[in-house]
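Single-structure report; data block below.
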Amino acid sequence: MMYGRNVATCLAHLVRQGELKLDDDDPIVRETIIARDGRVVHPRVLEALGEAPLAQPATQTPAAPKEG
Amino acid sequence: MIVGVPRETLADETRVALTPAVLPMLAKAGLSVALEAGAGDRAGFPDAAWEAAGARVVAGRDELFREADIIAQVLALGANPEAGRADLARMRPGQLIVGMHDPLGRPEAARELAARGVTALALELMPRITRAQSMDVLSSMATVAGYKAVLLAAAALPRMFPMLTTAAGTIKPARVFVIGAGVAGLQAIATARRLGAVVRGYDVRPAAREQVESLGAVFVELPLTTADAEGQGGYARAMDEDFYRRQRELMAKEVTASDVVVTTAAIPGKPAPRLITREMVEQMAPGSVIVDLAAPGGGNCELTRPGEEIAHRGVRIIGPLNLPATVPTTPA
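Now the structure itself:
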């Protein structure tokens with residue numbers, strides 16, 4: 000399995016019926032996409048840039064204070 | 000949806016991102032391929048071969064970027080920061096740029112791509128999970144590098160690898176020591192064995208022993224604590240400086256007893272650990288050869304000059320930067 004086949008397999012995974020699907024729940028997408036929608040989105044790349052990781056999605060509820 | 004394959008612009012890069020053979024797989028997914036004229040020439044795939052497989056050949060690079068929804072490259076901006084810069088202006092918002100981006104080595108390229116509004120996919124970050132194995136470019140490239148490293152060493156060594164029994168007497172086999180038993184190291188071990196050398200292999204991860212031994216090499220035991228050497232995804236993890244110092248002491252003996260040393264110890268996004276010191280090199284027999292596959296990260300040998308071949312007191316030290324490009328037809 001060499002480079003051209005690696006790329007083609009990746010593209011065939013991302014494109015179905017001629018449509019590009021970048022699903023963040025897919026680890027292949029989540030771990031390889033480094034820039035999207037005008038932002039650097041990858042935690043390790045942001046770390047390498049000395050930037051804070053992206054904020055969690057707004058829908059997520061803040062962590063409850065620890066009990067005890 | 001169109002995948003555009005531009006010509007690679009780094010001077011020594013001979014590869015191309017796709018090959019005519021994979022076009023049917025892409026067609027099945029609804030992807031057609033547009034090729035910049037001549038993009039496959041240096042890899043051994045002339046325009047006619049692409050056209051025969053159903054690709055369209057486009058004369059100009061501007062036109063290619065204008066038409067393509069996806070750009071497939073070998074070296075994207077981060078991995079080709081100078082010559083790759085001219086393509087930034089050609090990119091269109093929303094376009095997907097797939098290739099090797101050196102995302103941890105040159106993260107600022109990701110910022111520039113983001114500013115252009117494109118989506119960038121760095122193949123180097125492909126997770127090491129079973130269903131992504133066929134997309135793992137680092138494994139592909141490491142396989143080629145490990146193989147080619149041994150061929151370079153064999154060509155540079157002023158003696159032969161195999162044991163030979165001839166009418167004129169018996170010649171002892173060359174002794175090859177491979178440091179790091181990842182994909183590249185294991186391929187180096189296998190290649191050196193096939194050429195008839197006596198091979199020893201070392202890795203900080205004790206789990207590598209079985210793989211090294213299965214290839215017919217001796218696993219070198221360095222009696223050190225290595226419990227936590229395996230990091231995320233099976234790659235070697237960075238260890239502390241004290242660990243590396245003790246490792247060097249124990250390794251000196253192995254290195255100086257070898258005719259060929261192939262080093263492959265690289266940690267993604269970090270400078271390569273210095274494993275072979277000047278003193279060790281100076282104790283090697285003249286004519287010995289070191290091939291340092293960690294040269295892109297600065298090298299595992301203190302004397303390595305990335306991209307160059309040097310001689311130090313009769314020891315050749317080769318620090319190749321892009322071995323996969325030397326055999327483009329395979330890795331492409």
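Chains X and F, in that order, give the protein sequences.
Here the first sequence is numbered in numbering that gives the first Met the number 0, starting from 0 and rising by one per residue.
Here the second sequence is numbered in numbering that gives the first Met the number 0, starting from 0 and rising by one per residue.
The C-beta atom is built at its ideal place from N, Cα and C for all residues, glycine as well.
These numbers were taken from a predicted model, which means no experiment stands behind them.
Excluding residues up to 5 positions away in sequence, 89 lie with their Cβ nearer than 8 Å to the Cβ of residue 61 of chain F in the same chain. Unbroken beta strand (DSSP E) stretches of 3 residues or longer found wholly inside the region 52 to 137 of chain F: 55 to 57, 69 to 74, 95 to 99 and 118 to 121, given in chain order. Considering only beta carbons, the part of the region 0 to 21 of chain X lying closer than 9 Å to chain F consists of 0, 1, 2, 3, 4, 5, 6, 7, 8, 9, 10, 11, 12, 13, 14, 15, 16, 17, 18, 19 and 21, in chain order.
Here residue 135 of chain F is buried, its C-beta having at least 16 other C-beta atoms within 10 Å. Contact of residue 36 of chain X with chain F is assigned, a C-beta pair being separated by under 9 Å. Ranking F/294, F/166, F/185 and F/78 by CA distance to the CA of residue 272 of chain F puts F/294 first. Rounded to whole angstroms, residue 191 of chain F and residue 39 of chain X show a C-alpha spacing of 42 Å.
Your pair residue 13 of chain F and residue 41 of chain F checks out as a contact, with CB atoms roughly 4 Å apart and the cut at 8 Å. Here the alpha carbons of residue 14 of chain X and residue 102 of chain F stand approximately 23 Å from one another.
For residue 18 of chain X, the secondary structure class from DSSP, reduced to helix, strand or coil, is strand. Not a single CB atom of chain F sits nearer than 9 Å to the CB of residue 53 of chain X.
Around residue 274 of chain F, the same chain offers 178, 243, 246, 247, 250, 262, 264, 299 and 300 as residues with beta carbons nearer than 8 Å, after the five sequence neighbours per side are excluded.
In the DSSP assignment, residue 197 of chain F is bridged to F/174.
In this structure, residue 217 of chain F sits near residue 198 of chain F, with a CB-CB distance shorter than 9 Å. Against residue 183 of chain F, chain X offers no close residue; the least beta-carbon distance is about 14 Å (beta-carbon pairs closer than 9 Å).
Within its own chain, the residues whose Cβ lies closer than 7 Å to the Cβ of residue 311 of chain F, once the five positions on either side in sequence are excluded, are 280 and 302, listed in chain order. Beta bridge pairing from DSSP links residue 311 of chain F with F/314. When C-beta distances to chain X are compared with 8 Å, the residues of the region 109 to 133 of chain F below that value are 109, 110, 112, 113, 114, 116, 117, 118, 119, 120, 121, 122, 124, 125, 126, 128, 130, 131, 132 and 133, in chain order. Counted as a single uninterrupted DSSP element, the alpha helix (DSSP H) harbouring residue 47 of chain X occupies residues 42 to 47. If the five residues before and after residue 138 of chain F are omitted, its C-beta is found closer than 6 Å to the C-beta atoms of 182, all from its own chain and listed in chain order. Distance from the CA of residue 1 of chain X to the CA of residue 142 of chain F, rounded to the nearest whole angstrom, comes to 9 Å.
From the beta-carbon of residue 27 of chain F, the residues of chain X found nearer than 9 Å are 11. Residue 69 of chain F has a beta carbon lying within less than 9 Å of a beta carbon in chain X. Counting of Cβ neighbours within 10 angstroms places residue 170 of chain F among the exposed residues, the total staying below 16. Counting the other CB atoms within 10 Å of its CB gives residue 99 of chain F a total of 16 or more, which places it among the buried residues.
Here residue 252 of chain F is exposed: its Cβ has fewer than 16 other Cβ atoms, across all protein chains shown, within 10 Å. In the displayed model, residue 34 of chain F falls within a strand according to three-state DSSP.
When secondary structure is reduced to three states using DSSP, residue 168 of chain F falls in the strand class. Classified as buried, residue 125 of chain F has 16 or more neighbouring CB atoms from the shown chains inside 10 Å of its CB. From the listed residues F/10, F/314 and F/107, the smallest Cα separation to residue 49 of chain X is found for F/107.
Straight-line measurement puts the Cα of residue 318 of chain F at about 6 Å from the Cα of residue 307 of chain F. The beta carbon of residue 135 of chain F falls within 9 Å of a beta carbon belonging to chain X, placing the residue at that interface. Residue 181 of chain F sits in coil when the DSSP states are folded into three classes, being neither helix nor strand. Using a Cβ-Cβ cut-off of 9 Å, residue 85 of chain F does not count as an interface residue toward chain X, since no Cβ of chain X sits closer than that to its own. Beta-bridge partners assigned by DSSP to residue 2 of chain F: F/32 and F/69. Close CB contacts of residue 305 of chain F within its chain, under the 8 Å cut and outside five residues either way in sequence, are with 294, 295, 297, 298, 318 and 320 (chain order).
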